């Protein structure tokens, strides 16, 4: 289930801490080291998110390696708005350069876009 669909009252204290601090993303670093993911790129989606998959397919977003963070995360766009998310991913891919890559990592480390809508209180 996507985090935007989770009832915020069902997330306990430790779940909020893990999501806000992004500690739960650490295992994905292994995928980066294996070359399956990048630090920056479109976030992987769930197989059940058909609208997002179709929107990304139309914009050729799947042609690049998925990432841990990206422009959509910095802007706070989640999977509850699939067309906007896919368009933002496409724009990020189209304008990607080393400066933007490092900028997205920097803003992620500063906490831009931190936390999911479902855990904000």
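In this note's numbering, the protein residues as written are 645 to 765.
Don't be surprised by glycine CBs; every beta carbon is placed ideally from N, CA and C.
Only a predicted model underlies this, so the values are computations on that prediction, with no experimental measurement involved.
Comparing C-alpha positions only, which one of 725, 653 and 708 sits nearest to residue 734?
In the chain shown, residue 734 corresponds to position 90, counting from 1. The shortest C-alpha separation from residue 734 is found at 708.
Give me, in chain order, the residues of the same chain whose beta-carbon lies closer than 6 Å to that of residue 759; leave out the 5 immediate sequence neighbours on both sides.
Counting from one through the chain shown, the residue named residue 759 turns up at place 115. Caution is warranted here: a pLDDT of 45 is assigned to residue 759, below 50, making its placement in the model unreliable, and the coordinate value is therefore given only provisionally. For residue 759, where only same-chain residues beyond five positions count, the Cβ hits under 6 Å are 664.
Taking the alpha-carbon positions, what's the residue 677 to residue 710 distance?
Here residue 677 is taken as the residue at index 33 of the chain shown, counted from 1. Here residue 710 is taken as the residue at index 66 of the chain shown, counted from 1. When rounded, the distance between both Cα atoms is 13 Å.
Checking the sheet assignment: what are the DSSP bridge partners for residue 682?
Working through the chain shown from its first residue, we reach residue 682 at position 38. In the DSSP output, where bridge partners are listed per residue, residue 682 has 711.
What is the DSSP secondary structure of residue 720, reduced to helix, strand or coil?
Walking along the chain shown from the start, residue 720 turns up at place 76. In the structure shown, residue 720 sits in coil (DSSP, three-state: anything other than H, G, I, E or B).
By the three-class DSSP mapping on this structure, what secondary structure does residue 755 have?
Along the chain shown, read from residue 1 onward, the residue named residue 755 stands at position 111. Here residue 755 sits in coil by DSSP.
In or out: residue 653 buried (at least 16 other Cβ within 10 Å) or exposed?
Indexing the chain shown from 1 puts residue 653 at position 9. With fewer than 16 other Cβ atoms within 10 Å, it is exposed.
Check this for me: beta carbons of residue 696 and residue 723, under 8 Å apart or not?
Here the question's residue 696 lines up with position 52 in the chain shown. Here the question's residue 723 lines up with position 79 in the chain shown. Cβ distance < 8 Å, so residue 696 and residue 723 count as in contact.
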